[in-house]
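Going by our numbering, the first residue of the sequence shown is number 153, and it counts up by one from there. The C-beta atom is built at its ideal place from N, Cα and C for all residues, glycine as well. Worksheet for the structure shown next.
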Amino acid sequence: MSGIIEQERYTCAIGALQSVVAIPKAVPILHSGPGCGDMISGFFERSTGYAGGSTSPCTNFSEREVVFGGIERLREIIENTYKVLDTDLQVILTGCTAGIVGDDVDALAEEFREKGKPIVSVETAGFKCNNFEAHSLVVNAVIDQYVWQYEDENPIRSEKNTVNLLASLPYQDPFWKGNLREYKRLLAGLGLRAHVLFGPESGGVAEWQRIPRANFNILVSPWHGKPIAEHLSMIYGQPYTHFSHIPIGANETERFLRQTLVFAIRQGAQINEAAAESFIKREREAYYEEIDNLATFLLEFRYGLPNHVHILHDAGYVTGLVKFLLHEVGIVPKEQFIVDNTPAELWRQIETELKSVSNKRRISVTFEPDAGKAQNIIRGLSHNGRGLIIGSGWDKELAKEKGYDFLSAAVPTPYRLVMTTNYVGFSGGLRVIEDIYDTVLSTYQ
């Protein structure tokens, strides 16, 4: 076996530079070869932010650095970055070559911190892990090397109604900006203030400094991000509530909100339960009003709409979309493919979750990071009725081969521009319905 993966839907560890880019006025500094930033920029597209992708400061590791070490070159790059860019935080990310040579990047970062510079170092050599796991490495490094300096003015668990939200990997989740905004709005409806940490809805590094103040943490993810929640629990004693998939539509969003509400009250948050229940009720009623308005459309087109779906996505989206499409849209999930390289020890847990979706239908799931293999499996399948594929831009041609409808909802997304769209929540469910049926209607002449 060659070990080659076709159509990989994630990147190597240094792809976590996008997590840095997503922090306002934070700058990744790549201690790597010159191609790493270009590779990440090409994969995620339209994602350079303040100083990401091919614009990230980089030591351009060459044969000289391999022989003599690259620390002096890195020192020069850091000093010049402070001169050229107005930054609130710098994060050094090491590539494969630097990881092999063994430059003491941590000591260099400490040298700059002693001069009062806000800087963090993280080992992200590509052979260590993928960007899903490296996201946690970056966040925990920022907490340990930067946030700790502000603990005296940010007393631990001092704000009973404040939470740290751990959800949506920046850029890896195409809808991360909109999703974080919607999570923040939904949690505010319960009476909670959320640190979202990334994107325009965050308060930048000032919000990171306030992480210790949070009473508890909310983890929305099947597996990635869990090391962050566990680390915060260990160092600050902050407990966390875990929701294992993306809450899309009315059923799962209400379940997410009620789980959070119960947990918040248990942790001593000052919650007006009547107001929180009223908020959930208003959101639910607004959602179902729009669903009611769909009745005429669904009746008119009932024989021309997709009746089954294959999804190629990460574990959180596959589970969230399967539950939503089956119970709230009426599209039957057939074979599903989780392509985020989920750790094998979690497969049974996710399979059990999918089995619980329906006691009348068995939902098949394959864990396959090689999306080319997943596509070949779909090529060999045959189901009655009109099909739908939800995946990345790479799956568009597969949908055409099968005569299926296609919705681009995963990276890479060359056929779709996503800015602030959200798939999370009540409104996210409505947007998924819009996107699916817009695609269907576009096929009618």
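- Less than 9 angstroms separates the beta-carbon of P322 from that of S171.
- Short of 6 angstroms from the beta carbon of Y302, and not among the five residues preceding or following it, lie these beta carbons of its own chain, in chain order: Q361.
- In this structure, the straight-line span from the alpha carbon of G330 to that of S354 is close to 12 angstroms.
- Residue state for T249 is assigned as helix, using DSSP reduced to three classes.
- Here E520 has F489, V491 and A526 as same chain residues with Cβ atoms under 7 angstroms from its own Cβ, once five neighbours each way along the sequence are excluded.
- With a contact defined as Cβ atoms closer than 8 angstroms, R436 and A381 miss out at about 28 angstroms.
- For I585, the uninterrupted alpha helix (DSSP H) segment begins and ends at G577 to L593.
- When D325, D296 and P374 are compared, the shortest CA-CA separation from T565 is found for D325.
- Straight across, the Cα-Cα distance linking V576 with L473 is about 10 angstroms.
- Spanning the alpha carbons of T494 and Y469 requires a straight line of approximately 13 angstroms.
- S193 counts as buried, since no fewer than 16 other beta carbons sit within 10 angstroms of its beta carbon.
- The residue from R418, L332 and A340 with its alpha-carbon nearest to that of P352 is L332.
- Restricted to the segment 154–205, the alpha helix (DSSP H) segments that are unbroken, complete and at least 4 residues in length are 169–173 and 187–196, listed in chain order.
- Within the same chain, and ignoring the five residues on either side of I157 in sequence, the residues whose Cβ sits closer than 7 angstroms to its Cβ are P521 and D522.
- Short of 7 angstroms from the beta carbon of W375, and not among the five residues preceding or following it, lie these beta carbons of its own chain, in chain order: A467, T494, P495 and L498.
- Under the Cβ criterion (8 angstroms, minimum of three pairs), the segment 221–228 counts as touching the segment 202–213.
- The closest CA to that of A358, considering only P270, S396, G201 and H460, is found on P270.
- For the pair V257 and E275, the CB atoms are nearer than the 9 angstroms cut-off.
- The beta carbons of W300 and A174 sit no closer together than 9 angstroms.
- For I363 against G247, the beta-carbon gap comes to about 28 angstroms, at or over 8 angstroms, which does not count as contact.
- Excluding sequence positions up to five before and after P176, its CB lies within less than 6 angstroms of the CB of G356, all in the same chain and listed in chain order.
- Between the segment 391–410 and the segment 418–435, the count of Cβ pairs shorter than 8 angstroms is three or higher; the stretches touch.
- Per DSSP, A319 is one residue of the beta strand (DSSP E) stretching across E311 to A319.
- Here the alpha carbon of F279 sits roughly 41 angstroms from the alpha carbon of H479.
- Distance between T393 and F368, taken at the CA atoms: about 8 angstroms.
- Between the alpha carbons of V517 and N528 lies a gap of roughly 15 angstroms.
- Taking the CA atoms as reference points, A427 sits about 12 angstroms from L413.
- The residue from R514, A319 and T200 with its alpha-carbon nearest to that of P399 is A319.
- Judged by DSSP secondary structure, H383 falls within the alpha helix (DSSP H) whose first and last residues are K378 to Y388.
- The C-alpha of G537 lies about 7 angstroms from the C-alpha of H460.
- By the neighbour-count criterion, in which a residue is buried when 16 or more other Cβ atoms sit within 10 angstroms of its Cβ, S579 is buried.
- Note on the segment 315–378: whole beta strand (DSSP E) runs with a minimum of 3 residues are 345–347 and 366–372, in chain order.
- A distance below 6 angstroms between beta-carbons, with the five flanking residues on each side excluded, links G189 to the following residues of its chain, in chain order: L182, G205, S206, S208 and C210.
- According to the DSSP secondary-structure assignment, Q242 is paired through a beta bridge with V179 and I271.
- Check the Cα spacing between Q422 and each of L477, L289, V315 and R500: the tightest is with V315.
- In terms of CA proximity to P391, R365 leads the group L409, R365, R410 and H397.
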